[in-house]
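Residue numbers (my numbering): 74 to 209. For glycine and all other residues, C-beta sits at the position ideal for the given N, C-alpha and C. For reference, the structure discussed in these notes is given below.
In structure tokens form, the structure reads like this:
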């Protein structure tokens with residue numbers, strides 16, 4: 074049975090700080106409490122899509138996260154993991170700090186109409202043998 078989840082908050086941390094502090098069991102993890110998470114200012118809820126496929130007999134998940142962000146340039150170049158929080162307080166981890174790392178895309182629109190959005194769109198992609206990891 075699947076559960077419909079509304080994600081209301083995204084935070085990021087360096088992948089290096091997460092990689093040495095995480096234990097994975099099935100689809101769950103227990104990250105260290107001393108990881109420094111930084112919240113990303115959002116406009117509205119977050120769009121999350123998880124695709125499940127098979128490659129040479131190995132299960133592969135592709136997680137895509139899209140959000141409109143209110144701030145520009147809050148992340149510099151680097152590898153990051155992301156913590157997502159749902160409306161009910163459930164938390165998920167995207168990225169483990171190990172390869173494959175998350176791929177981050179930022180698109181900055183310059184619309185031709187004043188009524189169109191000027192908000193930056195943040196897209197996070199992660200291909201892994203894990204879906205979003207439930208944080209215990």
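Query: CB of residue 190 within 8 Å of CB of residue 178, strictly; Result: no
Query: Stretch pair the stretch 151-165 + the stretch 80-87: three plus CB contacts closer than 8 Å; Result: yes
Query: Contact under 8 Å by Cβ, residue 137 with residue 118; Result: no
Query: Residue 205 vs residue 167 beta-carbon contact at 8 Å; Result: yes
Query: Pairwise C-alpha distance: residue 132 and residue 201; Result: 9 Å
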